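Numbering (the UniProt record's numbering), first residue to last: 1 to 139. We treat Cβ as the ideally placed atom computed from N, Cα and C, and that holds for glycine. Note that the structure is a prediction, hence the values are computed from the model and not measured.
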């Protein structure tokens, strides 16, 4: 995302527009502690600086990589120097988590494919083989 350097304070609407997010998203990030509480104008409007745009951009990129807001918050508050090993550990843990999820999703997909095949083999059979399989499963 290319951003213009803006030296004057920005309203929440302007930040939202420049960052490509909704106003409510910015308020949510603020409530969750991802964005610092901004200064307020005399009339109570939030006034953000350029750092808010950088932080929102960071959050968006991290979310695209599958990081949770809690994980992103941890990264935001790490010191810039000497944190590489800690960040690497967090990324490696995320990769392990993703590998487990992929394995689980493949298992689920296989189960659904088996149910679909069962249904295709017994097309006009009543009751529906898929519903029967789901009902017969012990809890």
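For residue 121 and residue 30, what's the separation of their Cα atoms in angstroms?
Start at 1 with the first residue of the chain shown, and residue 121 comes out as number 121. Start at 1 with the first residue of the chain shown, and residue 30 comes out as number 30. Their Cα atoms are separated by approximately 54 Å.
Can you tell me the Cα-Cα spacing of residue 63 and residue 69, whole angstroms?
Translated into positions along the chain shown, residue 63 becomes position 63. Translated into positions along the chain shown, residue 69 becomes position 69. Approximately 8 Å between the Cα atoms of the pair.
Pull the bridge partners of residue 47 from the DSSP assignment, please.
In the chain shown, counting from the first residue as 1, residue 47 sits at position 47. Per DSSP, 39.
Closer than 8 Å is the cut-off here; do at least three beta carbon pairs connect the stretch 88-98 with the stretch 48-59?
no
Count the other C-beta atoms from every protein chain shown that fall within 10 angstroms of the C-beta of residue 48, then say buried if there are 16 or more, exposed otherwise.
Along the chain shown, one-based indexing puts residue 48 at 48. Looking at its Cβ environment, which holds 16 or more other Cβ atoms inside 10 Å, residue 48 is buried.
Which runs of the alpha helix (DSSP H) spanning at least 4 residues fall entirely within the stretch 44-117, listed in chain order?
50-64, 69-76
In the DSSP assignment, find the alpha helix (DSSP H) that holds residue 141 and state where it starts and stops.
Limits of the chain in this structure are 1 at one end and 139 at the other, which puts residue 141 out of reach.
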